[in-house]
Structure formats: structure tokens, C-alpha cells
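What follows is a set of notes on a single structure, which appears directly below.
In my numbering, the protein residues as written are 239 to 399.
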């Protein structure tokens, strides 16, 4: 694992990814950005710049179909089947469960992968790590109502207010 850490850096935002990937590493390290689907919505078009400069970055999107949580494809279909306008029948924090964010990278000439299980994620990571000459997006479908893992140490999440 230490050898891997020497080959890539971890960032949490696409704008930081651009700054870190270009200015700080000087294209010498792979940069990995882990971002939620909602946050990707704010800065996803930075993928055009990332692809234009052919930055060998990997963007991993944790896609839960919403802000904090979303609806499953089945729940979304039930709303559509009820003939209720989607704008009225879905919570305002819901995002489309069929959004294929990985296609944004493909649209600009990079690679994109969709992973809905550990095997697909492993394959996408392997191929992304091998693609050193272009950016990659891995759109990882996670449970829309999954909650944070309980922290072993309460000081990690205790409010300071």
C-alpha cells in the first residue's frame, strides 16, 4: 500500500484536483478525487478542463442518488407509475437514479466506468490505474439510504458547538 501511496494523491474536490494535479504534482503523480454525486453536480464540468489537459486523474463518484440520500430506482419508478409529476412526488434532495456521470468523461475523450458491485469496482479501479494518459470517472452506485458507519471514537463526530 505504501508503494501505491507514493504513486498517487487523494483529493476531495474537482477544483482541488485541478490545482493539485497540475500545479503541485507537476503531472508526476496520479491524483484521485473521491466525491459525492451531489458535489459532482457543482463542479462536474471541470472534467472538460481535466480532459483538455489530459490529466491522468481518477474521479470516484459515490452515487447515492441524492443530497445526503436519494431514492432507489424502484421507488422512483413507483412515483412515475402513479402519474404524479416527478417534481411534486419526489423529495427536493433526490437526484435521478439513472444518472450516468461516467459518460461526462467519455464525452470529452476520457474513460468512464459504472460500478454497482465490488467486482465491477475492482475492474474499474484496475483499468483506471492502468490508464495513465487520460482521466477516468468511476461512477459507484451505493445504497441511496445508507447511513454513515458508526464511529469507534466519539470524539470524531462529537459536536464542538
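We put the CB at the ideal spot given by N, CA and C, even for glycine.
- Task: Return the CA-CA distance between residue 384 and residue 351, expressed in angstroms with no decimal places.
- Result: Straight-line spacing of the CA atoms in residue 384 and residue 351 works out to 22 Å.
- Message: Starting from residue 387, trace the alpha helix (DSSP H) in both directions and tell me its first and last residue.
- Response: Per DSSP, residue 387 belongs to no alpha helix (DSSP H) and is neither H nor E.
- Tell me, please, whether the segment 272-284 touches the segment 292-302 by the rule of three or more beta-carbon pairs shorter than 8 Å. Yes, since at least three Cβ pairs between the segment 272-284 and the segment 292-302 fall closer than 8 Å, the two stretches touch.
- Query: Does DSSP put residue 341 in a helix, in a strand, or in coil?
  - Reply: helix
- Query: Closest to residue 345 by CA distance: which of 328, 303, 287 and 276 is it?
  - Reply: Looking at the Cα atoms, 287 is the closest of the given residues.
- Query: Under the DSSP definition of a beta bridge, which residues are partnered with residue 300?
  - Reply: 274 and 378
- Ordered list of beta strand (DSSP E) runs contained in the segment 340-372, each at least 3 residues: 349-353
- Query: Can you round the beta-carbon distance between residue 303 and residue 275 to whole angstroms, since I take them to be within the 8 Å contact cut?
  - Reply: 7 Å
- Message: If you follow the alpha helix (DSSP H) that residue 305 is in, where does it begin and where does it stop?
- Response: Taken as a continuous stretch (DSSP letters only), residue 305 belongs to no alpha helix (DSSP H), as it is neither H nor E.
- Three or more beta-carbon pairs under 8 Å between the segment 312-325 and the segment 373-380, yes or no? As far as the Cβ criterion goes, the segment 312-325 does not touch the segment 373-380, which means the pair count is below three.
- Query: Along the chain, where does the alpha helix (DSSP H) that runs through residue 322 open and close?
  - Reply: It is not in any alpha helix (DSSP H) - residue 322 carries neither H nor E in the DSSP assignment.
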